[in-house]
Amino acid sequence: MSETAALNDDFAYAVLSAVAEIPEGRVATYGQLARLIGYPKNARLVARVLSHAEYYGDYPCHRVVNATGRLAPGWAAQATLLQAEGVALIDATHVSLKLYRWKA
DNA sequence: GCGTTGACAAGCG
DNA sequence: CCGCTTGCCAACG
2 MSETAALNDD
12 FAYAVLSAVA
22 EIPEGRVATY
32 GQLARLIGYP
42 KNARLVARVL
52 SHAEYYGDYP
62 CHRVVNATGR
72 LAPGWAAQAT
82 LLQAEGVALI
92 DATHVSLKLY
102 RWKA
């Protein structure tokens with residue numbers, strides 16, 4: 002039986018598990034998480050899952066940013082959440098990856 | 001079933 | 001870092 006699924010929940014939980022491992026005051030990139038779970042090409046899928054992270058549970062999806070350190074568009078609260086954990090923002094939509102990038 | 005979109009990545013200038 | 005192009009894959013209409 003071909004694993005037609007192999008995605009949906011399975012992929013979602015894989016992403017959420019990795020996100021849950023991100024320590025406070027740290028940020029991870031979509032591509033980084035994608036590689037950790039074994040899907041280096043599916044970075045965009047990671048983003049899609051995080052956009053619905055609330056649906057799966059209480060996950061620190063605010064600690065996930067893109068490769069340029071930019072926060073999620075259309076989500077202003079993320080900046081506030083990061084600052085609350087000790088992450089200094091370069092501007093309203095950027096964090097210092099150089100200083101806060103999570104090294105797995 | 002196909003074309004477009006997207007909380008992306010990497011390379012080039 | 002910004003802008004442009006290519007690649008990669010799933011979801012949406």
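So the working numbering is basically just the index in the first sequence, starting at one, shifted up by 1. From the three backbone atoms N, C-alpha and C, an ideal C-beta is built for every residue, glycine too.
Going straight from the alpha carbon of GLU73 to that of LEU98, what length do you get?
Glu is not the amino acid found at residue 73; the sequence shown has Ala there. One C-alpha to the other measures close to 14 Å.
Which stretch, first to last residue, makes up the beta strand (DSSP E) that contains LEU90?
90-92
Using three-state DSSP, classify THR69 as helix, strand or coil.
coil
Just checking my contact of ARG64 with ILE23 at CB under 8 Å: how many whole Å lie between their CB atoms?
5 Å
My assumption, with CB atoms under 8 Å, is that TYR31 sits in contact with VAL47. Please give the rounded CB distance.
5 Å
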